[in-house]
Amino acid sequence: MSETYLDELLKPLIKTAWQLKLSKSKSAQAATDSSKFGGLPYAESGDAWPSCPTCKNQLNFVAQLKHPTEKSLHTFFYCFDCFPWGSSKDETGQWLVRSYSAANMTNYAAIAPALPNQYQMAACNCTEHPVQVLPDYYDLGKVSPLADSLCEKIDDENSYDIYQAAVIRSGCLEDYATLIGGYPKWIQGESTKSCEICNSEMEFFAQLDSEDEADLMWGDCGAVYLFRCPQHKNEFALELQCY
Ligand SMILES: [Zn+2]
Ligand SMILES: [Zn+2]
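Listed below in structure tokens is the structure:
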């Protein structure tokens, strides 16, 4: 009975996210205007290959994400030497997101790293699959205090398992994945970011999981979470978590 009520409470929280599935391919080495990992990034005239302000090495191009509804494209670069975790102590520029509102290969202007990337990745094409997602258990108290306390009421000692069982009943994704949109699935617990310009709380934008297919590993099977300001669509924040 209580579980049925829990399912009812969770139903309106379900969001659609897009899961990126990677496949290694030589063709992914070349620049495109769609989602991909590794290889060469999309860029436009005026862009240069970014370098790290701390160690002065060039940043690695990790991935570019095409937002399935906004149609914007976001290229993501990261310094694997400085390995920023997203704390306020990180020097700005150790990672970078560049956004293009209307990326199109007719506007493409090539950029290439001066040296081979230090962190070798396998270039991968991506396909986007809509999936239903529910908040991580860590965020449930914030999103629905009622559902959170109900999990505890059902089984005080195993409230996490109660919630996970409800996620499975709902047909939502329960595993870690590379996602655009939806909710973050935390490894080390919830984190919020605020915009440096307007101080408003940022929205979850994407999660980049460790991806074997791309030879991409964030620490010990970690993940990178990207947040974006709802007002300032070019303002991003990063969080890296691992085991
Ligand atoms: Zn660096
Ligand atoms: Zn802002």
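In the working numbering, the protein residues as written are 810 to 1052.
All C-beta atoms in this analysis are idealised placements derived from N, C-alpha and C, irrespective of residue type, glycine included.
Could you check if residue i is buried or exposed, using at least 16 other CB atoms within 10 Å of its CB as the buried criterion?
i: residue 804; result: Since the first and last residues shown for the chain are 810 and 1052, residue 804 lies out of range.
i: residue 996; result: buried
i: residue 832; result: exposed
i: residue 1043; result: exposed
i: residue 1018; result: buried
i: residue 946; result: buried
i: residue 879; result: exposed
i: residue 869; result: buried
i: residue 813; result: exposed
i: residue 923; result: exposed
i: residue 895; result: buried
i: residue 1052; result: exposed
i: residue 852; result: buried
i: residue 990; result: buried
i: residue 929; result: exposed
i: residue 785; result: Absent from the structure is residue 785, since the part of the chain shown begins at 810 and ends at 1052.
i: residue 948; result: buried
Which residues does DSSP list as the beta-bridge partners of residue i?
i: residue 934; result: 832, 845
i: residue 825; result: 941
i: residue 1018; result: 1032
i: residue 867; result: 860
i: residue 1025; result: 1020
i: residue 1037; result: 1012, 1045
i: residue 873; result: 845, 884
i: residue 1050; result: 1032
i: residue 1003; result: 1010
Where residue i and residue j are concerned, what is the direct C-alpha to C-alpha distance, given to the nearest angstrom?
i: residue 901; j: residue 890; result: 15 Å
i: residue 839; j: residue 1038; result: 30 Å
i: residue 904; j: residue 887; result: 4 Å
i: residue 876; j: residue 824; result: 15 Å
i: residue 821; j: residue 944; result: 11 Å
i: residue 1005; j: residue 811; result: 42 Å
i: residue 829; j: residue 899; result: 28 Å
i: residue 968; j: residue 978; result: 15 Å
i: residue 1050; j: residue 826; result: 20 Å
i: residue 836; j: residue 885; result: 19 Å
i: residue 925; j: residue 842; result: 22 Å
i: residue 844; j: residue 1036; result: 18 Å
i: residue 1048; j: residue 1034; result: 5 Å
i: residue 913; j: residue 817; result: 43 Å
i: residue 987; j: residue 975; result: 22 Å
i: residue 874; j: residue 1002; result: 20 Å
i: residue 846; j: residue 963; result: 43 Å
i: residue 907; j: residue 897; result: 20 Å
i: residue 966; j: residue 861; result: 46 Å
(message) Check whether the segment 1009 to 1023 and the segment 848 to 863 touch, using three or more Cβ-Cβ pairs below 8 Å as the test.
(response) no
(message) Could you tell me which whole beta strand (DSSP E) segments of length 3 or greater appear in the segment 881 to 969?
(response) 882 to 887, 904 to 909, 933 to 942
(message) Does the contact criterion of 3 or more C-beta pairs under 8 Å hold for the segment 918 to 931 versus the segment 951 to 968?
(response) Cβ pair count under 8 Å is below three, so no.
(message) For the pair the segment 973 to 993 and the segment 934 to 941, tell me if three or more CB-CB distances fall below 8 Å.
(response) yes
(request) Count the CB pairs spanning the segment 923 to 939 and the segment 1021 to 1031 that are closer than 8 Å, and state whether there are at least three. (result) yes
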